[in-house]
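Only one structure is covered here, and it is reproduced in the block below.
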Amino acid sequence: MSYLSTRDFLDDKDFVDRWQYTLRTGELDLSWMQAATEPVRCTPQNERRGLTFRDLDVPGYGFSAMPEVARANRSFAPRGAEIPPGCPDLQAEVNRKSEVWAYNIEGYYEEAMSRQWNATTDVPWAELAKVELPDDIAKAYAQLLTFLTEVEMIATDVPAKWMGHLNADFFEVKNFISTQVMDEARHAEVFRKRALTTGWGLMRASPQNELNLMAQIPDMFHTQKEYCFRAMEQDAFPRFLRSKAFGNLTPVSALVRLVVGLIVLWIGLAVGFSLIFLDVQPKSKRFFVSAFSLLCSDSY
Ligand SMILES: [Fe+2]
Numbered sequence: 025m026s027y028l029s030t031r032d033f034l035d036d037k038d039f040v041d042r043w044q045y046t047l048r049t050g051e052l053d054l055s056w057m058q059a060a061t062e063p064v065r066c067t068p069q070n071e072r073r074g075l076t077f078r079d080l081d082v083p084g085y086g087f088s089a090m091p092e093v094a095r096a097n098r099s100f101a102p103r104g105a106e107i108p109p110g111c112p113d114l115q116a117e118v119n120r121k122s123e124v125w126a127y128n129i130e131g132y133y134e135e136a137m138s139r140q141w142n143a144t145t146d147v148p149w150a151e152l153a154k155v156e157l158p159d160d161i162a163k164a165y166a167q168l169l170t171f172l173t174e175v176e177m178i179a180t181d182v183p184a185k186w187m188g189h190l191n192a193d194f195f196e197v198k199n200f201i202s203t204q205v206m207d208e209a210r211h212a213e214v215f216r217k218r219a220l221t222t223g224w225g226l227m228r229a230s231p232q233n234e235l236n237l238m239a240q241i242p243d244m245f246h247t248q249k250e251y252c253f254r255a256m257e258q259d260a261f262p263r264f265l266r267s268k269a270f271g272n273l274t275p276v277s278a279l280v281r282l283v284v285g286l287i288v289l290w291i292g293l294a295v296g297f298s299l300i301f302l303d304v305q306p307k308s309k310r311f312f313v314s315a316f317s318l319l320c321s322d323s324y
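And the structure:
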């Protein structure tokens with residue numbers, strides 16, 4: 025017992041007494057049998073396909089009747105289970121279904137599971153080893169494979185980081201993401217294996233590529249992002265509003281600008297019509313004078 029726990033329960037006299045009392049009297053606590061949930065019957069709609077998540081889409085347990093915001097479940101309670109008091113709040117950040125759900129996500133999971141391949145046995149490694157590549161080609165290939173391995177390692181980390189951020193009620197989405205994580209891990213595996221079978225092994229990692237890829241990781245540079253956001257929110261943005269938006273919107277300045285704009289517009293139109301009535305030549309002179317006047321009025 026102490027193997028799994030931080031303390032040895034056999035040292036706990038109360039616990040041992042309760043245990044012995046229960047064994048002696050047979051007064052077992054069977055309250056767990058009274059869970060406030062509904063019995064259901066789920067069967068495969070298609071025998072050939074088997075029991076899919078869609079077959080489990082029944083009232084009380086399914087995804088169709090889920091509310092837009094998962095408010096009840098803040099723990100790892102499986103959707104549909106009774107949630108007794110005392111379940112921990114895991115503070116999932118994504119609790120809104122529309123933020124993560126995609127049409128047929130449960131089907132994508134089933135498809136991802138049924139179409140797995142095995143990089144160890146599905147690639148004819150022995151056949152590939154027989155092919156001799158020219159040195160320069162093999163080196164370039166090994167360099168490309170080194171880069172691709174980096175990419176795939178990042179591609180494994182990025183979707184995996186999202187798992188803990190999602191509410192447990194969105195487990196179909198989480199399951200699908202985990203297939204994506206597995207897929208990317210296999211890509212990293214296969215590129216590494218291929219690099220080491222070219223005979224040249226891995227070549228040089230690329231700091232620039234890694235820096236570019238790191239920006240894709242949600243939690244990476246979180247502190248720096250937070251600092252920049254706070255600085256912009258508390259300093260740069262209010263100053264921008266003061267200097268631009270609010271400056272333009274005071275009632276007096278807006279009125280003054282409107283009046284000046286209308287006067288300049290009136291002058292522009294008057295000059296334009298005067299030039300037309302006076303039949304000033306060449307005609308392009310009328311156009312430029314009128315356009316200049318209109319532009320001046322527009323700037324107010
Ligand atoms: Fe990949």
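Quick note on my numbering: the sequence shown kicks off at 25 and runs consecutively. Just so you know, even glycine gets a beta-carbon here, dropped at the ideal spot from N, CA and C.
For residue 93, the beta-bridge partners assigned by DSSP are 120.
Out of 50, 193, 170, the CA that lies nearest to the CA of residue 105 is found in 193.
Counting other Cβ atoms within 10 Å of its Cβ, residue 317 reaches 16 or more and is therefore classed as buried. Going by C-alpha positions, residue 254 is about 35 Å away from residue 101. Rounded to whole angstroms, the gap between the alpha carbons of residue 176 and residue 226 is 15 Å. By the C-beta density criterion, residue 130 is buried, having at least 16 other C-beta atoms within 10 angstroms. Taken atom to atom, the span from the alpha-carbon of residue 260 to that of residue 246 is near 20 Å. Between the beta-carbon of residue 237 and that of residue 178 there is about 4 Å, and that keeps the pair under the 8 Å contact cut. Cβ contact annotation for residue 45 (same chain, cutoff 8 Å, sequence separation greater than five): 51, in chain order.
DSSP places residue 170 in the uninterrupted alpha helix (DSSP H) bounded by 159-186.
Secondary structure note for residue 215: its alpha helix (DSSP H) is the uninterrupted segment 195-221. In this structure, ligand 1 has no non-hydrogen atom nearer than 7 Å to the beta-carbon of residue 213. Ligand 1 never approaches residue 260 closely enough for any of its heavy atoms to be under 7 Å from the residue's Cβ.
Distances from the CA of residue 166 to each of 214, 79, 80, 63 were compared; the closest alpha carbon is that of 214. Residue 190 is bridged by DSSP to 118.
Under the DSSP assignment, residue 37 falls in the alpha helix (DSSP H) whose first and last residues are 37-49.
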